[in-house]
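Below is one structure, written out as structure tokens; the observations come after it.
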Amino acid sequence: MDPQKTILVVDDASLVRLYYRTTLEGAGFHVEEAMNGLEALEKLLTFPVHLMIVDINMPQMDGLTFLQAVRRKDRALASIPALVTSTESAAADFEAARVAGANYYLVKPIDQPRLREFADLLCGVRR
Amino acid sequence: MNEFLTQFVIESRELVEQATEGLLVLEHSPHDAERLDSVFRAFHTLKGGAGIVEFAAMERAVHAAEEILSGARAGKRTLTTALVGDCLACLDQVIQWLDAVEQTGELPSSAANTKADDTWLADMLERNPEVRAQVATALQFIPDPDCFYQGEDPLARITALPELLALDVQPMAAWPALNSFDPYKCNLVLTALTAASMGEVTAHMHGHSGTCEIQTISDVRTTPPASALPAQARNILTEQRAMLSHATAANLAGFVASAGLAAGNALRSCALAETAAIIAQATESSLSANSPEPLRHAISQLLSPTPAAVTETTKVSSKPEATAQTLRIDARRVDALVRLTGELTVAKNAAGHVAKLAQQEGNAIAGLLKDRQVVLERLIAELQESVLGMRVLPLRSVLQRFPRVVREMSLNLGKPLTLEIEGDDTEADKAIVEMLFEPLLHIVRNAIDHGIESLGERAARGKPPTARIRIRAARQADQVIIEISDDGGGIDVDRVREIARTRGVATEEELRLMPEMDIIDLVFAAGFSTAAKVTELSGRGVGLDAVRTAVERIGGRVSLESRAGDGATVRFSLPFSVMMTQVMTVEASGQMFGVPLDAIVETVSVPRTAIVGIGAAHAIVLRNRTVPVVDLAAILGLREAMSGETDATIVITSVAGHFGGLHVDRIGQRLEVILKPLDGLLTGMPGITGTTLLGDGRVLLVLDIGELLQ
């Protein structure tokens, strides 16, 4: 088994964070949370993160602005894969996420197997 | 209820509140972009939550409202009163659902099955492949069987849908034989596809009778199956290539590094470590060449070429929003704390009793015990104070419900109204805040229904057409004052007099002698109601007397001031903190009395023969101590002192260091009550410290133990 990977969940809805945490911890990941982009930027500086799961619509700093900022940082931060999750499902939303630097986009709600599967894929975890 | 549902209900309630508040502001200033954003976000998060707990019905309902708001955000439509009403109706439905979830601990059964029944939609799309590309919204409409009697024409309504693409009409149930066929019953299922948005369709179907299911097509857009792992790796690789084409000079390194890592990870996850190494190499080449091409090329080689769609980008804006820094505690826990503090007081009293005993027996540690007991006493008093302070709430939680209520009444009665609320940050005890809604609602209803004149009358009196209701709350010393004023017609004293006479509230004679103020006050008397016609609003069979009773139960007062032709003001004077007193009820000679719990040390049952006469008085010997005993019924003059063979129930009390026993017939229950001091004729009555109203409306006299045992 690989060493434990850390996933940073960035979402303003506490229910979503709880859901992601429960799902991902159940799959052996370590989960950290941030309520918006600003908080996430701070947290990224304090511990190594292997994957960010980012909501789009958040107060303080939305997910896309956050991603744009991260992709402009130095390599250690800028290279962290990002999974954007949002209820928006229009082509324009997918595209906006891509432009901001999202590595993948999933439309909410995401069932638990699917979330685990993509966390494994994007963290490079073999089961 | 599982953790998700609990969290879902808590969060959803907060969001509903936030959305409601915002919507009411938007109704008056529909172009407040910041507010619109915040309301939109609230709906958006609500929908997300519903998705997580798999509450399909709520998800769809909220989605429809979100569509309306998103149209407004994009500047495509203005939020009219009707649209705000639709959004509010959606929130009402959500509240009902949340209540149901909270009560049953699970999702309403109707919520779960709706998602599964998407077959009609798939069928409809399959039958009409030529319009598939344009379809934005699908609708299934099952009209009420009796809709023809309501003058409705379901077919006409559905054919008038904006941008209708396809329509299908089927019988709901198989057509019956001709002789049993009822042509006046609607037996149709209408299914339609349109290019219009969900918001437009929802607006179009507004007010129909029957059931209507509306879906945006994106809802059923199927995501690729998640079974085969290489397929998902392929998806991720494709996505990385698409993302790389958007790299700019500023973020090139970040894009390349993260795309390389994501692609490599996906391959590693599928046990393709060698291929992952190729990607890692290409990533380094891209970084040193300062171009995404090497990586793009490497990914492309792993994939068969697929064109990536390019559309214009959208900008998601967001504004900062203050988040409250509070700790959420279940109110029941606070109540439990209050109750425990009360029990602690009783335990402390018993400890004091022990200290006293030790002192009398000349025990060496008696002094120490006494010192400790004093400290304990002080700490418990402080604890009690801060625990009661935890129960303080701002009145906002009650007052914020009124804009909605007033809006509704204003629309129903056709009386234009503005509501002003002042001092909603005034705080009061939770017990008061919680009971305040009903009485306030009643007063506001009355003001709007009876106080505010019709438009014609207002014009005749030279008043502006829009009437004003004002709710003002303020703290005055240890009281909280709430005033509800209107600028209506005030109270018609002659009519009050007449009604009071005909309903037998007061006699002709009494009325003649009564000052005008007292006559106005009669509207609070039981059996009085000034409504000439019983209206939907205030004619609910509960008079203003119910308001007075409710307010007095918590130790408050209600007064009414009327300015003829100019409006009226109702004033609630409420205590700031409700001193909840714990009492134990006891029975003597069939009557119930309260004994303050903090005066009680213990209750004992002794043989009646153990009560011995000492001169005119009686006493028992309890653990080598003589405790004077009085017979409650006798001392209150209810009957002669008891005698007999059965055991006697005695409540041992301690007041200011003096012990005494109260001989009662029976011990009842412990109650938490709000003690009202005696007033009027009863003031200064010996032996009674106050009264309290019981839940069933009976008055409980609470005994003054100190005085009784003297």
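If you read the sequences in order, they're chains A and B. Each residue of the first sequence is one higher than the one before, starting from 1 at the first, in the working numbering. Each residue of the second sequence is one higher than the one before, starting from 1001 at the first, in the working numbering. For glycine and all other residues, C-beta sits at the position ideal for the given N, C-alpha and C. None of the values given here were measured: they were computed from a predicted structure.
From residue 1429 of chain B to residue 1335 of chain B, what does the alpha carbon distance come to, in whole angstroms?
12 Å
Looking at C-alpha atoms only, which residue of B:1386, B:1445, B:1271 is the closest neighbour of residue 1405 of chain B?
B:1445
For the stretch 1584-1593 of chain B and the stretch 1468-1483 of chain B, state whether three or more C-beta atom pairs, one from each stretch, are separated by less than 8 Å.
no
Hey, is the stretch 1239-1247 of chain B in contact with the stretch 1256-1275 of chain B, meaning 3+ C-beta pairs nearer than 8 Å?
yes
State yes or no: is the beta carbon of residue 1239 of chain B nearer than 7 Å to at least one beta carbon in chain A?
yes
Going by CA-CA distance only, name the one from B:1045, B:1544, B:1027, B:1025 that's closest to residue 1014 of chain B.
B:1045
Could you give the distance in angstroms between the alpha-carbon of residue 1308 of chain B and the alpha-carbon of residue 58 of chain A?
For residue 1308 of chain B, the predicted structure reports a pLDDT of 29, less than 50, and the residue's modelled location is therefore unreliable. The matter cannot be settled from this model.
Out of B:1213, B:1188, B:1067, which has the shortest C-alpha to C-alpha gap to residue 1155 of chain B?
Nearest C-alpha to residue 1155 of chain B: B:1188.
Give the residues from the stretch 97-109 of chain A that approach chain B closer than 9 Å (Cβ to any Cβ), ordered along the chain.
97, 98, 99, 100, 101, 102, 103, 104, 105, 106, 107, 108, 109
Cβ atoms of residue 1433 of chain B and residue 1393 of chain B: under 7 Å apart, would you say?
yes
Is it buried or exposed for residue 4 of chain A, if we count other Cβ within 10 angstroms and need 16 for buried?
Exposed, by the Cβ-count rule.
Take residue 1635 of chain B and list the residues in its own chain whose beta-carbon comes closer than 8 Å to its own, dropping the five residues that flank it on each side.
1687, 1708
Just to make sure I have the definition right: I need the residues of chain B whose C-beta is within less than 8 Å of the C-beta of residue 6 of chain A. Which are they?
Chain B residues near residue 6 of chain A: none, gap ~14 Å exceeds 8 Å.
At which residues does the alpha helix (DSSP H) containing residue 1524 of chain B begin and terminate?
Note, residue 1524 of chain B: premise wrong, no alpha helix (DSSP H); not H, not E.
Can you list, in chain order, the stretches of the alpha helix (DSSP H) that have 4 or more residues and sit fully within the stretch 1169-1243 of chain B?
1198-1204
In chain order, what residues of the same chain have a beta carbon less than 6 Å from the beta carbon of residue 1387 of chain B, not counting five sequence neighbours either side?
1337, 1338, 1341
Starting from the Cα of residue 1171 of chain B, find the closest Cα among B:1567, B:1545, B:1140 and give me that residue.
B:1140
Look up residue 80 of chain A in the DSSP assignment and say whether it is helix, strand or coil.
coil
Could you work out which residues of chain B lie near residue 124 of chain A, taking near to mean beta carbons separated by less than 7 Å?
Those are 1264, 1265, 1268, 1269, listed as they occur along chain B.
Is residue 1491 of chain B helix, strand or coil when you go by DSSP?
Coil, per DSSP.
Considering only their Cβ atoms, is the gap separating residue 1270 of chain B from residue 1233 of chain B smaller than 7 Å?
yes
Short of 7 Å Cβ to Cβ, which residues in the stretch 1451-1462 of chain B face chain A?
none
Taking 8 Å as the limit between beta carbons, can you name the residues of its chain near residue 1201 of chain B, skipping five residues before and five after?
For residue 1201 of chain B, where only same-chain residues beyond five positions count, the Cβ hits under 8 Å are 1137, 1139, 1161, 1162, 1194, 1214.
If you reduce the DSSP assignment to three classes, tell me which class residue 1676 of chain B lands in.
strand
Considering only the beta carbon of each residue, do residue 1236 of chain B and residue 1192 of chain B sit closer than 7 Å?
no
Could you list which residues in chain B have their beta carbon closer than 8 Å to that of residue 87 of chain A, in chain order?
1044, 1047, 1048, 1051
Can you tell me whether DSSP reads residue 11 of chain A as helix, strand or coil?
coil
Pick helix, strand or coil for residue 1401 of chain B, following the three-state DSSP scheme.
coil
Should residue 1712 of chain B go down as buried or exposed, given a rule of 16 or more other Cβ atoms within 10 Å for buried?
Outside the displayed span of chain B (1001 to 1710) sits residue 1712 of chain B, for which this structure offers no information.
Helix, strand or coil: which one does DSSP assign to residue 1031 of chain B?
coil
When you compare the stretch 36-55 of chain A with the stretch 10-23 of chain A, are there three or more beta-carbon pairs, one atom per stretch, that lie closer than 8 Å?
yes
Taking contact to mean at least 3 C-beta pairs separated by less than 8 Å, is the stretch 1648-1663 of chain B in contact with the stretch 1412-1422 of chain B?
At 8 Å Cβ cutoff, the stretches do not touch.
Within the continuous alpha helix (DSSP H) that includes residue 94 of chain A, where are the two ends?
91-100
For the beta strand (DSSP E) that residue 1055 of chain B lies in, which residues bound it at each end?
Element bounds for residue 1055 of chain B: n/a, residue is neither H nor E.
Taking the CB atoms as reference points, tell me whether residue 71 of chain A and residue 1264 of chain B lie closer together than 7 Å.
With a cutoff of 7 Å on beta-carbon distance, residue 71 of chain A and residue 1264 of chain B are scored as not near each other.
Measure from the C-beta of residue 1041 of chain B to each C-beta in chain A and report whether the shortest distance is under 7 Å.
yes
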